[in-house]
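Q: Numbering (the numbering used here), first residue to last: -4 to 77.
We put the CB at the ideal spot given by N, CA and C, even for glycine.
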Amino acid sequence: MFTQYPFITSVSAHAAPGTQLIQLEAEDHDEGPNGEVLYSFTSPYLSGRFHLDTETGIVTVAGSLLADAGHVFHCEVEARDK
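Written out as structure tokens, the structure is:
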């Protein structure tokens, strides 16, 4: 369903909240509303650091990442029919 795997990006620990990191893309070959996709993180652990727009798949910085400088995050995202 995703158009590529994996999606990989990087971000500075100094990135401001709202900074766009990546836009995830998934396809559903159904017509109309049945062809729309919703995105969600599979772990609530990420929600304080990153925001995922459930309709567009855009991932942005949600809060300060300074305390996490040098860390690597593996974010699992689910894409499903709307």
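Measuring CA to CA, which of L41, G30, T(-2) is closest to H69?
A: Against the sequence shown, residue 69 aligns to sequence position 74. Looking at the Cα atoms, L41 is the closest of the given residues.
Q: Taking only the alpha-carbon atoms, compute the straight-line gap between L61 and D25 and give it to the nearest angstrom.
A: For the purposes of this step, residue 61 is identified with residue 66 of the sequence shown, where counting begins at 1. For the purposes of this step, residue 25 is identified with residue 30 of the sequence shown, where counting begins at 1. If you take the alpha carbons of L61 and D25, they lie about 42 Å apart.
Q: Since I believe T55 is in contact with H46 (beta carbons under 8 Å), could you give me their beta-carbon distance rounded to a whole number of angstroms?
A: Within the sequence shown, residue 46 is the residue found at index 51, counting from 1. Within the sequence shown, residue 55 is the residue found at index 60, counting from 1. With 8 Å as the limit, H46 and T55 qualify as a contact, their Cβ atoms being about 5 Å apart.
Q: Residues in the same chain with beta-carbon distance under 7 Å from Q15, minus the five sequence neighbours each way, listed in chain order, please.
A: Translated into positions along the sequence shown, residue 15 becomes position 20. Excluding positions up to five away in sequence, the list reads I53, T55.
Q: Taking C-beta to C-beta, are P1 and G58 nearer than 7 Å?
A: The residue labelled residue 1 in the question sits at position 6 within the sequence shown. The residue labelled residue 58 in the question sits at position 63 within the sequence shown. It is not a contact, given that the beta carbons lie outside the stated cut-off.
Q: Taking 7 Å as the limit between beta carbons, can you name the residues of its chain near N29, skipping five residues before and five after?
A: Along the sequence shown, one-based indexing puts residue 29 at 34. Correct list, in chain order: D76.
Q: Could you compute how far the alpha carbon of F(-3) sits from the alpha carbon of V6?
A: The residue given as residue -3 occupies position 2 in the sequence shown. The residue given as residue 6 occupies position 11 in the sequence shown. One C-alpha to the other measures close to 22 Å.
Q: Where T49 and Y34 are concerned, what is the direct C-alpha to C-alpha distance, given to the nearest angstrom?
A: Taking the first residue of the sequence shown as position 1, residue 49 is located at position 54. Taking the first residue of the sequence shown as position 1, residue 34 is located at position 39. Each residue's alpha carbon lies about 5 Å from the other.
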